[in-house]
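Per our numbering, the very first residue in the sequence shown carries number 3; after that it's consecutive.
Glycine included, every Cβ here is placed at the ideal spot set by N, Cα and C.
Predicted, not measured: the structure shown is a model, and the values here were computed from it.
Worksheet for the structure shown next.
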Amino acid sequence: MRSCASLRRGGQDVGGADRVEHAGGGGAVQERGCLEQAEEEVARRGHAVDLDLDIVKLVDESLLIKHRILPILQRGKRLFVADHKLGLLSFDIATGKMSVVLNRPHHEGFKGLNDLTFASNGDLYFTDQGQSALEDPTGRVFRLRATGELDLLFKGFAGPNGLVLSKDEKILYVAETRRNRINSLPLLPDYEGVSKCGIFIQLSGSPTGPDGMALDEEGNLAIVHAGFGTVWIFSRLGEPLFRIKSCAGMRTTNLAYGGPDRKTLYITEAEHGVILKAQLPVAGKLLYSHL
Numbered sequence: 003m004r005s006c007a008s009l010r011r012g013g014q015d016v017g018g019a020d021r022v023e024h025a026g027g028g029g030a031v032q033e034r035g036c037l038e039q040a041e042e043e044v045a046r047r048g049h050a051v052d053l054d055l056d057i058v059k060l061v062d063e064s065l066l067i068k069h070r071i072l073p074i075l076q077r078g079k080r081l082f083v084a085d086h087k088l089g090l091l092s093f094d095i096a097t098g099k100m101s102v103v104l105n106r107p108h109h110e111g112f113k114g115l116n117d118l119t120f121a122s123n124g125d126l127y128f129t130d131q132g133q134s135a136l137e138d139p140t141g142r143v144f145r146l147r148a149t150g151e152l153d154l155l156f157k158g159f160a161g162p163n164g165l166v167l168s169k170d171e172k173i174l175y176v177a178e179t180r181r182n183r184i185n186s187l188p189l190l191p192d193y194e195g196v197s198k199c200g201i202f203i204q205l206s207g208s209p210t211g212p213d214g215m216a217l218d219e220e221g222n223l224a225i226v227h228a229g230f231g232t233v234w235i236f237s238r239l240g241e242p243l244f245r246i247k248s249c250a251g252m253r254t255t256n257l258a259y260g261g262p263d264r265k266t267l268y269i270t271e272a273e274h275g276v277i278l279k280a281q282l283p284v285a286g287k288l289l290y291s292h293l
């Protein structure tokens, strides 16, 4: 594992980071070195769960592994999985027993689940992407309440992908890969649905589009730009703050905050099958499993 650059704002060294550019005010810092690669750690921890995994968020270490599904640890030591084929699953961490939480909403099958995130009250939000794209904008976003009711929040996305709640949990941000943008879905109180949904950030470039996302304690949004070898950090108002550039391949896919102070951003890169990391000045928001 290697660490070999520093993050600078206005000429002042504010902490270690790897290939990070400052996009606001002071211009870009010099790119030096490479993001750390954690291949051995990935291999060791990846075998702890006997699954054909796509992207695993191992919350205890906040590492991610690229395979075929995306699980997130829930309080109570259950692993919730958004599986493209089988639907929404959960695994008992102690026994490994799998349970199907939901696979045929309203007696219909999912198109193919992609990503999920928990609210602080235990509500579970997830994207149903399937093969939706510009020619077939039928992707959906669901919410499974902690009390068991299922809400269809939005339909009509061209490739809904990563999703994350704002700091006050009043807005759900959804990456729409095939339109290369981040959408905002304001959540109405009392489970009344969404209202006045719009485009929060319109990206440009990349042969793919945005993928995974994460939030920090100040409400800043970290966005993986898949196929672009980049993670963007935007403020809660949508102002670009930093660009993190991969020193491995271009297929950056997902990310999560971790480390002792939660200021380390772990990033999966699928072209080389490695995990990269960058040190940032603001800690990531606590996940539901840590509350």
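Inset, instruction - Run the CB neighbour count on residue 259, radius 10 Å, all protein chains shown included, and call it buried at 16 or more, exposed below. - result: buried
Legend entry - residue 213 versus residue 121: straight-line alpha-carbon distance, rounded: 20 Å
Legend entry - Nonlocal neighbours in the same chain, by C-beta distance under 8 Å from residue 167, ignoring five residues either side: 119, 121, 127, 173, 174, 175 and 217
Legend entry - Three-state secondary structure (DSSP) of residue 192: helix
Legend entry - Distance between residue 117 and residue 267 (C-alpha atoms, nearest Å): 18 Å
Inset, instruction - Flag this pair as yes or no: are the beta carbons of residue 80 and residue 92 separated by less than 9 Å? - result: yes
Inset, instruction - Identify which residue in 276, 112 and 170 has its Cα closest to the Cα of residue 220. - result: 170
Legend entry - Opposing strand residues paired with residue 286 [DSSP bridges]: 218
Inset, instruction - Measure the Cβ-Cβ separation of residue 180 and residue 208 and say whether it is below 9 Å. - result: no
Inset, instruction - Return the first residue and the last residue of the beta strand (DSSP E) that residue 133 is part of. - result: Element bounds for residue 133: n/a, residue is neither H nor E.
Legend entry - Inter-residue spacing [alpha-carbon to alpha-carbon] between residue 342 and residue 182: Residue 342 is absent from the structure shown; the chain starts at 3 and stops at 293.
Inset, instruction - Rounded to whole angstroms, what's the CA-CA distance from residue 249 to residue 190? Just pull it up for me. - result: 42 Å
Inset, instruction - For the region 110 to 197, list the beta strand (DSSP E) runs that are entirely contained and at least 3 residues long, ordered along the chain. - result: 115 to 120, 126 to 130, 141 to 146, 152 to 159, 162 to 167, 173 to 178 and 183 to 188
Legend entry - Option in 88, 136 and 112 with minimal Cα separation from residue 210: 136
Legend entry - Unbroken beta strand (DSSP E) run spanning residue 200, endpoints: 200 to 204
Inset, instruction - Take the Cβ of residue 146 as the centre, count every other Cβ of all protein chains shown within 10 Å, and call the residue buried at 16 or more, exposed below. - result: buried
Inset, instruction - From the DSSP output, in three-state form, read off residue 227 for me. - result: strand
Legend entry - Residues of its chain near residue 274, where Cβ-Cβ distance is below 6 Å and the 5 sequence neighbours each way are ignored: 250 and 251
Inset, instruction - Could you check which residue in 241, 224 and 131 has the C-alpha nearest to that of residue 279? - result: 224
Inset, instruction - Between the Cα of residue 130 and those of 124, 115 and 246, spot the shortest distance and give me the residue it belongs to. - result: 115
Legend entry - Helix, strand or coil at residue 291 [DSSP, three-state]: helix
Inset, instruction - Name the one or two DSSP bridge partners that residue 280 has. - result: 267
Legend entry - Reduced DSSP secondary structure (H/G/I, E/B, other) of residue 107: helix
Legend entry - For residue 253, the first and last residue of its enclosing beta strand (DSSP E): Per DSSP, residue 253 belongs to no beta strand (DSSP E) and is neither H nor E.
Legend entry - Secondary structure of residue 246, DSSP reduced to three states: strand
Legend entry - Residues that DSSP places opposite residue 89 in a beta bridge: 85
Legend entry - Own chain partners of residue 148 with C-beta closer than 7 Å, once the 5 adjacent residues on each side are dropped: 123, 124 and 125
Legend entry - Outcome for residue 201 when other beta-carbon atoms lying within 10 angstroms are tallied against a minimum of 16: exposed
Legend entry - Close Cβ partners of residue 199 (< 8 Å) along its chain, the five nearest in sequence each way excluded: 156, 185, 186, 187 and 188
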